[in-house]
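Trainee: With positions in the sequence shown counted from 1, the corresponding number in the numbering used here is that position plus 394.
C-beta atoms are modelled at their ideal positions from N, C-alpha and C, and glycine is treated no differently.
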Amino acid sequence: MKHLSRLFLCTALCAVACDADDETVTRVGDGVIGVGVEATPGVGDDFDITAASDPVFACSDGGWSTAWANLESQVVTLVNQKRAAGATCGGVAKPAVPALTVDTKLRCAARNHSKDMATNNFMSHTGSNGSTFVDRINAANYVWTAAAENVAAGYATAAAVVAGWMSSTGHCNNIMSSTYKQLGVGYAYNVNATYDHYWTIDFAKP
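1) From the DSSP output, in three-state form, read off L472 for me.
2) Per DSSP, which residues does L577 bridge with? Please list them.
3) Kindly indicate the opening and closing residues of the beta strand (DSSP E) around A481.
4) Closer than 7 Å to a non-hydrogen atom of the ligand FAD - does that hold for the CB of T460?
5) Does the Cβ-Cβ distance between Y589 and A547 come in under 8 Å?
6) Quick one: grab the DSSP three-state call for P449.
7) So, K575 versus T498, is the Cβ gap smaller than 8 Å?
8) With a threshold of 8 Å, are at least 3 pairs of Cβ atoms found where one atom belongs to the segment 513-520 and the other to the segment 481-495?
9) For A503, which three-state DSSP category applies?
As structure tokens, then:
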């Protein structure tokens with residue numbers, strides 16, 4: 395009952411702390427998801443954050459849990475399976491689209507946000523330092539022309555979190571978009587946080 399009993403707490407925190415208008419947390423299956431967000435160039439460019447000035451944006455594979463990395467790889471595989479098969483998002487049929495490739499900079503941005511959520515016990519597209527997902531992608535030095543982000547919490551497996559995203563129109567649209575060519579997935583775990591499991595997936599077109 396841990397996750398269910400604290401759902402309203404997380405919703406209240408997000409309502410207070412999030413920059414996105416009307417950002418909400420919705421329970422889907424075993425976890426919660428927010429809203430799928432998208433951006434075009436020029437959004438978030440005024441946020442001053444760099445890898446040198448903020449340790450949370452220092453990216454390295456060193457020390458990242460092998461178990462966490464395996465879950466991230468499973469999400470990549472499942473997302474590309476969904477794209478290859480085609481899907482229905484919010485009642486609208488989506489055709490099959492090419493597979494996405496993993497970009498280490500996008501993965502850096504996604505990992506840091508998932509770790510931030512797990513460490514600081516929140517679920518939102520807005521980071522604990524006020525950053526947007528665009529700010530985090532920029533801070534990872536990824537140069538993009540289109541980008542989007544899905545976040546989730548509470549799902550213990552890759553299959554569960556992908557199923558949760560696919561059941562939500564905005565998140566499903568991000569997964570099935572032909573615009574995006576690359577992705578990065580981040581997973582982090584903290585038994586002392588409300589939802590234990592925290593997920594981020596960043597999509598982008600260079």
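Mentor: Taking the definition as stated:
1) As a first step, residue 472 must be located in the sequence shown, where it is residue number 78. Helix at L472.
2) For the purposes of this step, residue 577 is taken as the residue at position 183 of the sequence shown. Partner(s): V496 and F597.
3) Here residue 481 corresponds to residue number 87 of the sequence shown, with the count starting at 1. Counting along the chain, the beta strand (DSSP E) containing A481 begins and ends at A481 to C483.
4) Ligands in the displayed structure: none, and consequently the ligand FAD is not present.
5) Indexing the sequence shown from 1 puts residue 589 at position 195. Indexing the sequence shown from 1 puts residue 547 at position 153. Yes.
6) Within the sequence shown, numbered from 1, the residue matching residue 449 stands at position 55. Confidence in P449 is poor, its pLDDT being 43 and thus under 50, which makes the residue's placement unreliable; the coordinate value appears in the next sentence. It is helical.
7) Position 181 of the sequence shown, counted from the first residue, corresponds to residue 575. Position 104 of the sequence shown, counted from the first residue, corresponds to residue 498. With respect to T498, K575 sits apart: the two C-beta atoms are not nearer than 8 Å.
8) no
9) Here the question's residue 503 lines up with position 109 in the sequence shown. Three-state DSSP puts A503 in a helix.
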